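Heads up, the thing below is written out as structure tokens.
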Amino acid sequence: DAGVIQSPRHEVTEMGQEVTLRCKPISGHDYLFWYRQTMMRGLELLIYFNNNVPIDDSGMPEDRFSAKMPNASFSTLKIQPSEPRDSAVYFCASSFGGTSTDTQYFGPGTRLTVL
Amino acid sequence: AQKITQTQPGMFVQEKEAVTLDCTYDTSDPSYGLFWYKQPSSGEMIFLIYQGSYDQQNATEGRYSLNFQKARKSANLVISASQLGDSAMYFCAMREGYGGSQGNLIFGKGTKLSVKP
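Here it is as structure tokens:
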């Protein structure tokens, strides 16, 4: 079975440009998570969805960030306009179930560099 | 207060020896899960092992085992017979069962393990 798929794997852009990160969760999983990893802050949750509905977006840093999940097999994280401080690795993860017993499986991540 | 604490920023272990990576956690939720992930230099996050708060026995997965001490709120990862490929960052994480933000994982800062030949 395919794992979580993310694209692109690497993105280099200039400040002010729009960036869109994509994620395909594991088929059948009903929870999808977006995390960001930086040296300073470690791994932090940005937003998560249950059955395509955003449940908690309190981790989204500011209005420049938005996320959508139009269907069960696709989600996007968009940054507009991008800033150098957005440079990080962005992970998408999915799980079947949202309880404490349910394992989240991560995609390979997108390494974003904003110049 | 940090919910997940990993006190060892870096560790060295000799190949073929066992190593213990420490993790303590803080929660008032009676239902929670503890997870360990491995992040090699290539960057992906690989799930290793899970321990539930109600599990009576320590979890094991191949060379990985979890030393779960509930009263002390610790969930240490033990890697037996270390291999060079075990060199990576290791993250302890917790997912709480009820109340608060139910879905997400809370991560520690990680421990960088280096296996010496």
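Chains as they are written, first to last, in this note's numbering: chain A, 999 to 1113; chain B, 103 to 219.
Virtual Cβ for every residue (Gly too), placed ideally from N, Cα, C.
This structure is a prediction, so every number in the text was calculated from the model and none was measured.
Chain A residues whose Cβ lies nearer than 7 Å to that of residue i
i: Met147/B; result: Phe1089 and Phe1104
Cutoff 8 Å; reference residue i; Cβ partners in own chain excluding five residues on either side
i: Pro1052/A; result: Ile1045, Tyr1046, Ala1065 and Met1067
i: Lys172/B; result: Ser155
i: Cys125/B; result: Ile106, Thr107, Gln108, Leu136, Trp138, Ser176, Ala177, Asn178, Leu179, Cys194 and Gly210
i: Ile148/B; result: Tyr139, Lys140, Gln141 and Pro142
Chain-ordered chain E contacts of residue i [CB-CB under 8 Å]
i: Phe193/B; result: Among the protein chains in the structure shown, which are A and B, there is no chain E.
Residue i classed as buried or exposed, judged by whether at least 16 other C-beta atoms fall within 10 angstroms
i: Thr1108/A; result: buried
i: Leu123/B; result: buried
i: Ala190/B; result: buried
i: Arg1083/A; result: exposed
i: Tyr127/B; result: buried
i: Ser184/B; result: buried
i: Pro1023/A; result: buried
i: Ala161/B; result: buried
i: Glu198/B; result: buried
i: Leu186/B; result: exposed
Reduced DSSP secondary structure (H/G/I, E/B, other) of residue i
i: Asp1084/A; result: helix
i: Asp1061/A; result: coil
i: Leu1110/A; result: strand
i: Ile135/B; result: Per the sequence shown, residue 135/B should be read as Gly rather than Ile. Three-state result, Gly135/B: strand.
i: Asp1054/A; result: strand
i: Leu186/B; result: helix
i: Cys125/B; result: coil
i: Tyr1029/A; result: strand
i: Ala195/B; result: strand
i: Asn178/B; result: strand
i: Gln159/B; result: coil
i: Pro111/B; result: coil
i: Phe1104/A; result: strand
Contacts of residue i in chain A (Cβ-Cβ under 9 Å)
i: Leu170/B; result: Note on residue identity: the sequence assigns Phe, not Leu, to residue 170/B. Within chain A, no residue comes near Phe170/B; the closest Cβ sits about 14 Å away, beyond 9 Å.
i: Tyr127/B; result: In chain order: nothing, as chain A lies at least about 12 Å away.
i: Arg174/B; result: By Cβ distance, chain A contributes nothing, its closest Cβ being about 19 Å from Arg174/B, past 9 Å.
Cut-off 7 Å between Cβ atoms - residues of its own chain near residue i, not counting five sequence neighbours on either side
i: Pro1106/A; result: Gln1004 and Arg1007
i: Arg1034/A; result: Glu1042, Leu1044, Ala1086 and Tyr1088
i: Ala1070/A; result: Asn1050
i: Gly201/B; result: Because Gly201/B carries a pLDDT of 48, less than 50, the predicted location of this residue cannot be relied on, and the following value inherits that uncertainty. If we look at Gly201/B and ignore the five residues flanking it on each side, its Cβ neighbours are Asp131.
Neighbour list for residue i in chain B, Cβ cutoff strictly below 7 Å
i: Gly1107/A; result: Gly145 and Glu146
i: Thr1111/A; result: Within 7 Å Cβ-Cβ: nothing; Thr1111/A doesn't reach chain B, min ~14 Å.
Residue-chain proximity (residue i, chain A), Cβ-Cβ < 8 Å
i: Arg165/B; result: no
i: Glu119/B; result: no
i: Gly201/B; result: Interpretation of Gly201/B is limited by its pLDDT of 48, a score under 50 that renders its predicted location unreliable; no figure is taken from the coordinates.
i: Lys105/B; result: no
i: Ser133/B; result: yes
i: Phe102/B; result: Any answer about residue 102/B is impossible in this case: the structure gives chain B only from 103 up to 219.
Below-8 Å beta-carbon distance, residue i vs any chain B residue
i: Thr1101/A; result: yes
i: Ser1098/A; result: yes
The ligand COA heavy atom lying under 7 Å from the CB of residue i
i: Arg165/B; result: Judged by which ligands are present, the structure shown has none, so any question about the ligand COA falls away.
Chain-ordered neighbours of residue i on chain A, where CB pairs are closer than 8 Å
i: Lys211/B; result: Gly1040
i: Gly228/B; result: As displayed, chain B neither begins before 103 nor continues past 219, which places residue 228/B out of reach and without an answer.
Neighbourhood of residue i by C-beta distance below 6 Å, restricted to the same chain and skipping five residues each side
i: Pro219/B; result: Glu117
i: Val1010/A; result: Thr1111
i: Asp1055/A; result: Ile1045
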